[in-house]
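Trainee: This is the structure I want to talk about, given as structure tokens.
Number of protein chains: 2
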Amino acid sequence: MQATSHETPSHGMDLWVTERNEGTAFSFKVEEVLHSEQSEFQKLDVLKTATYGNLMLLDGLVMTTERDEFVYHEMIAHVPLSSLSKPAKRVLIIGGGDGGTLREVLRHPSVEEAVLCEIDGAVIQAGRDYFPTIGCCFDDPRATVLVADGVDYMKNAEPESFDVILVDSTDPIGPGVGLFTQDFYNNAKRALTPHGILTAQTESPFADHVGMSRIYDVLHDVFDHVTGYYGTIPTYPGHLWTWSFCTKSAEVNPWEAITADYVASLESVENPLKYYNYELHHGAFAHPTLVKTLIRPTLKPSARSLA
Amino acid sequence: MQATSHETPSHGMDLWVTERNEGTAFSFKVEEVLHSEQSEFQKLDVLKTATYGNLMLLDGLVMTTERDEFVYHEMIAHVPLSSLSKPAKRVLIIGGGDGGTLREVLRHPSVEEAVLCEIDGAVIQAGRDYFPTIGCCFDDPRATVLVADGVDYMKNAEPESFDVILVDSTDPIGPGVGLFTQDFYNNAKRALTPHGILTAQTESPFADHVGMSRIYDVLHDVFDHVTGYYGTIPTYPGHLWTWSFCTKSAEVNPWEAITADYVASLESVENPLKYYNYELHHGAFAHPTLVKTLIRPTLKPSARSLA
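Those protein sequence lines, which keep their order, are chains Y and Z.
Residue numbering for the first sequence follows this note's numbering, beginning at 1 and increasing consecutively.
Residue numbering for the second sequence follows this note's numbering, beginning at 308 and increasing consecutively.
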């Protein structure tokens, strides 16, 4: 009998990697373990998957895959950056060591400096080495890449020095925990320009309902104007993912400043947008009821901006 | 040493059930297998899961769970039913044997008759026996429950006899395959009132990009006015789920007829809507770019209905 080489990989091993979450598990078929290390902060693994391209795990949790990373990275960057009436010049990314958020921030032509502050240099190196389409932009002349603790950086940041702050963190456990505290958000608020926007990843109502509610408790304590938006990430637990949208000024309104022409200006032939578009920008704030209940928005669309 | 009964179930078995899809797998921790049978058409299993309530599998594929069924059932029913300028009187559900779509259709006070045509009586029985909050409405005086082949039913249906047809089918394999053909959709079109709407579940771009594109090829062949909408289903493969919205009349417009008051009239204290709401109705048509590319909408919002 001949080996059925089209059905099984040549090494013959049926290898899978699994992330468990509250009685569910999501697994990828793995072709090869490309890299594994214990960095100063966490366990970092890079795997070649059968159908999602390369996958990065931190402490065993899915951080990014080549196939679906566009959802997370387009959504965390373009929703706040397209919402400013005066386009952003200075943007801060806390975390985001794989480089995908930086790549999307740099689509915005107004951005003069994007500071990326990642605690773990090993993540940046893995982005460079194994995710060329994600970790593509660390050497861009508009990028400043720091390997430093985001909590400390935020504490010492110049007041009113950033138009947009993006918190592209891991879950509120391990090295990411300091990025979900009231102190951190107070410092971020101080570092924002008067019309600036803070956007943080804020988990999934299906994966961690209580944790998500706690994050919004803290955001409401710190910011007068809070809302959030949602997207669908096939490889994150719960899959219905959320990001916050917080400002100091009631004049900032994610539905007013944006224009279709501005969104069109973000397109590129080599690297087209695959998730975000002008209509989606509005729709992403039209939350499913279970999301709205957790976000408890205090920043609301004007009557004419959403039908 | 004492048994750590708070950490492991009393039977001591770490039981999981898994659905594989294109190099990924989604699993539920299982507390008990409640029911298994080979019906005339398919393998039917009901499992008690650790965190998603009872789960129904057909031929090993996830059909519904008590915890997240509301997304699918609210979305398939309320988007078309809230989009008619003259509220629906007669509604046809093809498939939908668990009863969740019927439950949501019956929230609409205008509905005089909802016909449910399910090929497999065993699914209806399992809905009654194991999913009391889903299979709750088979005996409603406005419900007509038929155990019959939806393909035949559609072939013989009276012309212009239904205001809304909902195709709540399995995937386009096994018993569901006939519900994705041009013949079936032509018969459905004939059975729709002049301003009627056909909505079918149309899979996920992340789980079956090619299959989803083929479904829309057929829908565009049959209907002059086609669009679709999306939602996030944590327990279906790909998770970014879609439904079609097809009509014979350019006057039917999912963004024009709906009012916030109408959506408020669907609420009930005992069984509140958890996903669908007035703003979400509009946002669900503001497709992520990868969805829009597959749906290729020919029915578009008027300028004033979506900002």
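Built from N, CA and C at the ideal position, the CB exists for glycine as well.
Starting from Met320/Z and walking both ways along the beta strand (DSSP E), at which residues does that stretch end?
Mentor: Element bounds for Met320/Z: n/a, residue is neither H nor E.
Trainee: Could you please give the first and the last residue of the uninterrupted alpha helix (DSSP H) stretch that includes Asn493/Z?
Mentor: Its alpha helix (DSSP H) spans residues 489-498.
Trainee: Rounded to whole angstroms, what is the Cα-Cα separation between Leu388/Z and Leu294/Y?
Mentor: For Leu388/Z and Leu294/Y, the distance between alpha carbons rounds to 27 Å.
Trainee: With 8 Å as the C-beta to C-beta threshold (strictly closer), list the residues of the stretch 373-397 of chain Z near chain Y in chain order.
Mentor: Against chain Y - using a Cβ distance shorter than 8 Å - the residues of the stretch 373-397 of chain Z are Asp375, Val378.
Trainee: Just tell me which of Ile522/Z, Tyr569/Z, Leu499/Z, Ala498/Z has its CA closest to the CA of Gln508/Z.
Mentor: Comparing Cα positions, the closest option is Ile522/Z.
Trainee: Within the 7 Å Cβ cut-off, does Asn21/Y reach chain Z?
Mentor: Not closer than 7 Å to any Cβ of chain Z, the Cβ of Asn21/Y fails to qualify, so no.
Trainee: To the nearest angstrom, how far is it from the Cα of Thr298/Y to the Cα of Val226/Y?
Mentor: When rounded, the distance between both Cα atoms is 5 Å.
Trainee: Under a Cβ-count criterion, where at least 16 other Cβ atoms within 10 Å of its own Cβ denotes burial, should Ala498/Z be classed as buried or exposed?
Mentor: Looking at its Cβ environment, which holds 16 or more other Cβ atoms inside 10 Å, Ala498/Z is buried.
Trainee: Going by Cα to Cα distance, which pick from Glu339/Z, Tyr582/Z, Leu322/Z is closest to Gly360/Z?
Mentor: Of Glu339/Z, Tyr582/Z, Leu322/Z, the residue nearest in Cα terms is Glu339/Z.
Trainee: Kindly give me the distance between the Cβ atoms of Phe333/Z and Phe206/Y, rounded to whole angstroms, as I take these residues to be in contact under 8 Å.
Mentor: With a Cβ gap of about 12 Å, Phe333/Z and Phe206/Y do not count as contacting.
Trainee: So is Pro288/Y in contact with chain Z if we call contact Cβ pairs under 7 Å?
Mentor: So, interface residue.
Trainee: From Leu486/Z to Met154/Y, what does the alpha carbon distance come to, in whole angstroms?
Mentor: So the alpha carbons of these two residues sit roughly 56 Å apart.
Trainee: Give the secondary structure of Leu299/Y by DSSP, where H, G and I count as helix, E and B as strand, and everything else as coil.
Mentor: Three-state result, Leu299/Y: coil.
Trainee: Does the CB of Gly590/Z have a neighbour CB from chain Y at under 7 Å?
Mentor: Yes, contact with chain Y.
Trainee: Please classify Asp531/Z: is it buried, with 16 or more other beta-carbons within 10 angstroms of its beta-carbon, or exposed?
Mentor: It is exposed - the Cβ of Asp531/Z has fewer than 16 other Cβ atoms within 10 Å.
Trainee: From Val369/Z to Thr331/Z, what distance separates their C-alpha atoms?
Mentor: If I take the Cα positions, the gap works out to 14 Å.
Trainee: Taking the CB atoms as reference points, tell me whether Gly231/Y and Met75/Y lie closer together than 7 Å.
Mentor: In this structure, Met75/Y lies closer than 7 Å to Gly231/Y by Cβ.
Trainee: Per the DSSP calculation, Arg90/Y is bridged to which residue(s)?
Mentor: Arg90/Y is bridged to Glu113/Y.
Trainee: Rank Glu118/Y, Ile134/Y, Leu219/Y by C-alpha distance to the C-alpha of Gly100/Y and give the top, closest one.
Mentor: That would be Ile134/Y, whose Cα lies nearest to the Cα of Gly100/Y.
Trainee: By Cβ distance below 6 Å, which residues in the same chain neighbour Ser520/Z in space, the five residues on each side in sequence not counted?
Mentor: So the list reads Leu601, once near-sequence residues are dropped.
Trainee: Should Lys313/Y be labelled buried (16 or more other beta-carbon atoms within 10 Å of its own) or exposed?
Mentor: Not covered by the structure: residue 313/Y. The range shown for chain Y is 1 to 307.
Trainee: Can you pull the chain Z residues whose beta carbon is under 8 Å from the beta carbon of Lys300/Y, in chain order?
Mentor: Going along chain Z, no residue has its Cβ under 8 Å from Lys300/Y, so there is no contact; the nearest lies around 10 Å.
Trainee: Residues of the stretch 228-246 of chain Y in Cβ contact with chain Z at a cutoff of 7 Å, in chain order, please.
Mentor: So the close ones are Thr232, Pro234, Gly238, His239, Leu240.
Trainee: What residue range is occupied by the uninterrupted beta strand (DSSP E) comprising Phe245/Y?
Mentor: Counting along the chain, the beta strand (DSSP E) containing Phe245/Y begins and ends at 240-247.
Trainee: Please report how far the alpha carbon of Val517/Z lies from the alpha carbon of Glu510/Z, in whole angstroms.
Mentor: Between Val517/Z and Glu510/Z, the C-alpha separation is close to 10 Å.
Trainee: Throw me the rounded Cβ distance for the Lys581/Z and Val529/Z pair, which I believe falls under 8 Å.
Mentor: Contact doesn't hold; Cβ gap of about 33 Å is too wide.
Trainee: Which of helix, strand or coil does DSSP assign to Ser5/Y?
Mentor: Here Ser5/Y scores only 43 on pLDDT, less than 50, and its place in the model is too uncertain to base an answer on.
Trainee: At a Cβ threshold of 7 Å, is Tyr275/Y touching chain Z?
Mentor: It does; some Cβ of chain Z falls within 7 Å.
Trainee: How about Ala357/Z: is its C-beta nearer than 7 Å to some C-beta of chain Y?
Mentor: With 7 Å as the cut-off, Ala357/Z counts as an interface residue toward chain Y.
Trainee: To the nearest angstrom, how far is it from the Cα of Glu267/Y to the Cα of Phe469/Z?
Mentor: Cα to Cα, the separation comes out at about 43 Å.
Trainee: Note down, in chain order, each residue of its chain lying with its Cβ closer than 6 Å to the Cβ of Val91/Y, except the 5 sequence neighbours on either side.
Mentor: Val105, Val111, Ala114, Val164, listed in sequence order.
Trainee: Using a Cβ-Cβ cutoff of less than 8 Å, which residues in the same chain neighbour Ser556/Z once the five nearest sequence positions on both sides are dropped?
Mentor: So the qualifying residues of the chain are Pro501, His502, His532.
Trainee: Taking one C-beta from the stretch 560-575 of chain Z and one from the stretch 246-261 of chain Y each time, how about it: are there three or more such pairs within less than 8 Å?
Mentor: With a cut-off of 8 Å, the stretch 246-261 of chain Y and the stretch 560-575 of chain Z do not count as touching, because too few Cβ pairs lie within range.
Trainee: Just checking: is the beta-carbon of Ala571/Z within a distance shorter than 7 Å of some beta-carbon in chain Y?
Mentor: For Ala571/Z, the answer is no, since every Cβ of chain Y falls outside 7 Å of its Cβ.
Trainee: So is Gly407/Z in contact with chain Y if we call contact Cβ pairs under 7 Å?
Mentor: Closer than 7 Å: no.
Trainee: Tell me which residues share the same chain as Gly434/Z and place their Cβ nearer than 7 Å to its Cβ, disregarding the 5 neighbours each side in the sequence.
Mentor: Contacts found: Gly404, Asp405, Gly406, Ile441, Gly442.
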